[in-house]
Amino acid sequence: MEDFTVSLTCLFCDAVLEGDTSIEYKSGDFIKCQNCEAENDYDSLIEIAKNKGIEIAKLNVENEIKNIFKKFR
Ligand SMILES: [Zn+2]
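Take 1 as the starting number for the sequence shown in my numbering and just add one per residue.
If you want it as structure tokens, here you go:
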């Protein structure tokens with residue numbers, strides 16, 4: 001299966017958040033959006049990212065299965 005990444009996007013303007021990679025964010029932290037300057041709640045971002053990840057993983061699995069069946073045709 002291919003690797004996939006989920007980017008964190010601003011809850012307010014949907015811009016991709018570029019968090020400071022030298023900082024390790026944790027629960028309760030806020031990540032400031034560089035686009036609209038809104039403070040994004042880390043916990044909400046992770047929750048959304050998890051859901052997105054699940055969606056992408058599902059699609060990947062579906063494609064995998066389709067490919068497997070193609071081989072048998
Ligand atoms: Zn924003």
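Ideal Cβ placement from N, Cα and C applies to all residues, glycine included. Since we're looking at a predicted model, the values are computed, not measured.
- Out of Lys32, Ile68, Asn67, Gly28, the CA that lies nearest to the CA of Asp14 is found in Lys32.
- Along the length of the stretch 17-66, whole beta strand (DSSP E) runs at least 3 residues long occupy 30-32, 39-41, reported in chain order.
- Our two residues, Glu18 and Cys10, have alpha carbons roughly 10 Å apart in a direct line.
- Looking at the DSSP output, Thr5 bridges to nothing.
- For the pair Ser22 and Tyr42, the Cα-to-Cα distance works out to about 16 Å.
- Residue state for Phe69 is assigned as helix, using DSSP reduced to three classes.
- Taking all protein chains in view, the Cβ of Leu45 is crowded by 16 or more other Cβ atoms within 10 Å, so the residue is classified as buried.
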